[in-house]
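Notes follow once the structure below has been shown.
Chains as they are written, first to last, in the working numbering: chain A, 4 to 342; chain B, 4 to 342.
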């Protein structure tokens with residue numbers, strides 16, 4: 004787990020990860036929402052057959068949702084391998100996870116296929132290249148539903164056209180601390196972008212992490228969509244860095260105290276909720292960016308943020324844990340990982 | 004500073020210090036409340052002359068209140084060398100502090116003389132012996148105001164008779180945590196004892212420290228007063244230890260978390276108020292008593308509790324400090340003293 008996070012990319016002090024997601028559907032099948040189990044199974048087999056034509060050195064693991072325990076289903080979401088939507092109809096849905104954990108092909112989520120590429124830090128070029136290659140490979144072995152006027156057809160009209168959603172997860176604690184966040188989110192909406200929480204649409208922004216993505220999928224070329232998003236991400240990076248410098252200049256004592264208190268609590272607490280853990284981990288990530296805390300990698304803090312999520316904690320035990328037990332295990336994991 | 008605290012005594016996990024205070028007045032002088040400056044100076048010289056007759060190897064420092072800066076006056080109170088009452092009329096009052104800081108003779112507080120013996124941990128026997136010797140010495144060279152019926156006469160009727168106030172400072176965080184404190188204080192009042200905060204009458208109990216002392220000074224012999232108090236102190240010691248064991252048994256996770264969070268905050272904070280510092284220092288003293296924290300002496304925690312008081316912090320600087328500056332210095336002193 005956390006393998007996709009190995010190595011570091013650009014702008015790691017602000018950008019946590021880059022994600023490219025492409026929605027595709029096959030001709031001659033109803034959308035997943037209306038499919039029978041037989042039909043969804045037939046489609047799944049068709050996709051698996053196509054995947055057999057991949058070069059031998061590319062390995063994917065095939066996982067059916069109904070083969071996973073309810074804890075492991077949520078773990079897969081917490082790890083960002085799959086979307087929350089994929090586990091809604093467990094007997095219909097499955098996914099293919101590439102060995103390096105950077106690529107997931109979800110089968111029968113909202114659309115028949117959702118190709119996801121996930122890379123650490125800022126890396127739109129590599130993400131777009133990789134997802135296009137996978138898309139091209141699948142298109143050459145499957146019959147995609149495509150319309151000359153609209154482009155790729157999708158279950159929900161918001162995805163029609165390119166079927167592309169590009170996003171970057173940004174860590175913006177300084178913007179959050181100074182209350183710039185609300186204006187910033189309003190501004191994004193005006194230019195066709197959107198900001199979501201850690202686990203996508205409708206989830207709250209915890210740990211000062213925001214997923215910035217395009218709203219529009221129709222009427223623009225893929226490269227245009229990605230370029231526009233990338234430019235905005237660089238604006239966010241610069242804004243966040245400016246505010247950090249400002250805080251270090253004007254509110255140094257307050258900021259240092261906040262960051263080191265979080266470090267002290269992470270190193271010594273014996274029980275901690277995931278909400279509290281996310282708050283302190285966000286603070287020490289800011290401390291790392293400000294040069295106040297050393298000896299810890301940006302990406303290791305993010306890995307820890309994933310490790311302390313409830314299902315990740317639950318899976319360390321053989322029986323259902325109480326909240327108190329989870330809080331104790333979480334605190335221990337954090338102590339073992341923060342020096 | 005903190006010299007009186009060297010060495011350890013009995014029951015150090017609960018009893019912080021033992022204090023014996025004897026109030027005495029001289030014949031032929033009005034009580035300090037009504038004295039002129041000349042009269043108070045004459046009395047002061049009479050006491051100093053008596054003190055000259057002490058053996059050569061016993062050394063006292065003589066300090067006039069009006070020779071101390073306003074910060075240093077409060078420092079003397081924070082160190083428990085003098086009472087808050089002594090600095091109310093600075094031109095009348097002074098004190099003699101024995102080299103080992105265990106004995107103070109206050110001149111012109113509420114009474115002409117207040118002999119105070121302060122010892123670490125539980126030690127009524129040594130305290131009573133030492134204070135009696137000093138009292139006997141002074142009585143042999145000065146004319147005490149004494150009445151056959153009432154005993155020693157004092158400015159306030161609550162001190163008439165023996166003029167004795169014996170007290171023990173107890174650290175009872177477990178009783179405080181479980182809410183047993185209020186009943187406990189009510190119980191004390193019924194048997195003629197009283198519980199006060201860290202700096203005597205009318206001060207709040209901070210850091211879970213309570214000063215338990217006799218209310219009655221009339222109608223009982225000194226040894227009876229002290230014995231009764233000592234018995235109650237042992238009851239408190241046993242109660243506090245029982246509750247600590249109970250907490251360790253039934254609420255171990257909660258208690259451990261509380262104690263280690265305090266340790267983490269003490270070790271990492273960059274700003275801390277004295278109220279917050281007292282709370283965390285109390286928690287780690289409890290942690291030491293429970294065996295959860297090692298490598299720190301009970302009495303060193305108490306020394307630190309004195310060092311973080313506002314005037315103690317202020318005296319480290321040459322100019323008036325802002326609260327924010329004091330909070331930063333306090334946090335640094337704590338970090339430097341807690342490993």
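Ideal Cβ positions, reconstructed from N, Cα and C, are used throughout, including at glycine. Keep in mind it's a predicted model, so treat the numbers as computed, not measured.
### Beta carbon of residue 29 of chain A nearer than 8 angstroms to that of residue 115 of chain A
yes
#### Entry: Cα-Cα separation, residue 200 of chain A to residue 201 of chain B
49 angstroms
### Query
Can you give the Cα-Cα distance for residue 282 of chain A and residue 288 of chain A, rounded to whole angstroms?
10 angstroms
### Query
Applying a beta-carbon distance threshold of less than 8 angstroms, which residues of chain E neighbour residue 331 of chain A?
Included in the structure are the protein chains A and B, with no chain E among them.
### Task
Using a Cβ cut-off of 8 angstroms (strictly closer), state whether residue 271 of chain B contacts chain A.
yes
### Message
On the DSSP letters alone, give me the boundaries of the alpha helix (DSSP H) that residue 283 of chain B sits inside.
### Response
277-292
### Task
Decide if the region 319-330 of chain A is in contact with the region 267-276 of chain A; the criterion is three or more beta carbon pairs, one per stretch, under 8 angstroms apart.
Yes: at least three Cβ pairs fall under 8 angstroms.
### Message
By the three-class DSSP mapping on this structure, what secondary structure does residue 123 of chain A have?
### Response
Three-state result, residue 123 of chain A: strand.
### Query
What is the C-beta distance between residue 105 of chain B and residue 125 of chain B, in whole angstroms, given that I count them as a contact (C-beta under 8 angstroms)?
Taking 8 angstroms as the upper bound for CB-CB distance, residue 105 of chain B and residue 125 of chain B are not in contact here, some 15 angstroms apart.
### Task
Report the residue ranges of all beta strand (DSSP E) runs contained in full by the region 148-186 of chain B; include only those spanning at least 3 residues, in chain order.
167-174
#### Entry: residue 92 of chain A versus residue 320 of chain A: straight-line alpha-carbon distance, rounded
Just so you know, the alpha carbons of residue 92 of chain A and residue 320 of chain A end up roughly 26 angstroms apart.
### Task
Name, in chain order, the residues that DSSP records as bridge partners for residue 108 of chain B.
B/99, B/118
### Query
Is the shortest distance between the beta-carbon of residue 222 of chain A and the beta-carbons of chain B less than 8 angstroms?
no
### Task
Quick one: grab the DSSP three-state call for residue 197 of chain B.
strand
### Query
So is residue 263 of chain A in contact with chain B if we call contact Cβ pairs under 8 angstroms?
yes
### Any 3 or more C-beta pairs closer than 8 angstroms across the region 311-318 of chain B and the region 32-42 of chain B
no
### Task
Compare the C-beta of residue 51 of chain A with all C-beta atoms of chain B and state if any pair is closer than 8 angstroms.
no
### Query
At a CB-CB cut-off below 7 angstroms, which residues of chain A make contact with residue 266 of chain B?
271
### Message
Using 8 angstroms as the threshold, is the C-beta distance between residue 161 of chain A and residue 154 of chain A below it?
### Response
Not closer than 8 angstroms, so no.
### Message
Please list, in chain order, the chain A residues whose beta carbon lies closer than 7 angstroms to that of residue 259 of chain B.
### Response
Here the neighbours are 273.
#### Entry: Where the alpha helix (DSSP H) through residue 40 of chain A begins and ends
Per DSSP, the continuous alpha helix (DSSP H) segment holding residue 40 of chain A begins and ends at 40-54.
### Query
For the candidate residues B/229, B/26, B/9, B/176, whose alpha-carbon lies nearest to that of residue 139 of chain B?
B/26
### Query
Closest by CA to residue 111 of chain A, which one among A/62, A/7, A/242, A/51?
A/51
### Message
For the region 60-79 of chain A against the region 5-24 of chain A, do three or more pairs of beta-carbon atoms, one drawn from each stretch, fall closer than 8 angstroms, so that the two count as touching?
### Response
no
#### Entry: Contact with chain B by residue 327 of chain A, beta-carbon distance below 8 angstroms
yes
### Cα-Cα separation, residue 248 of chain A to residue 117 of chain A
40 angstroms
### Task
Determine, using beta-carbon pairs with one atom in the region 40-58 of chain A and one in the region 291-302 of chain A, whether at least three such pairs fall under 8 angstroms.
no
### Bridge partner(s) assigned by DSSP for residue 65 of chain A
DSSP output for residue 65 of chain A lists A/99 as bridge partner(s).
### Start-end ranges of the alpha helix (DSSP H) lying completely within the region 205-233 of chain A, minimum 4 residues
none
### Buried or exposed by the 16-neighbour rule on C-beta atoms within 10 Å, applied to residue 194 of chain A
When all chains shown are included, residue 194 of chain A counts as exposed.
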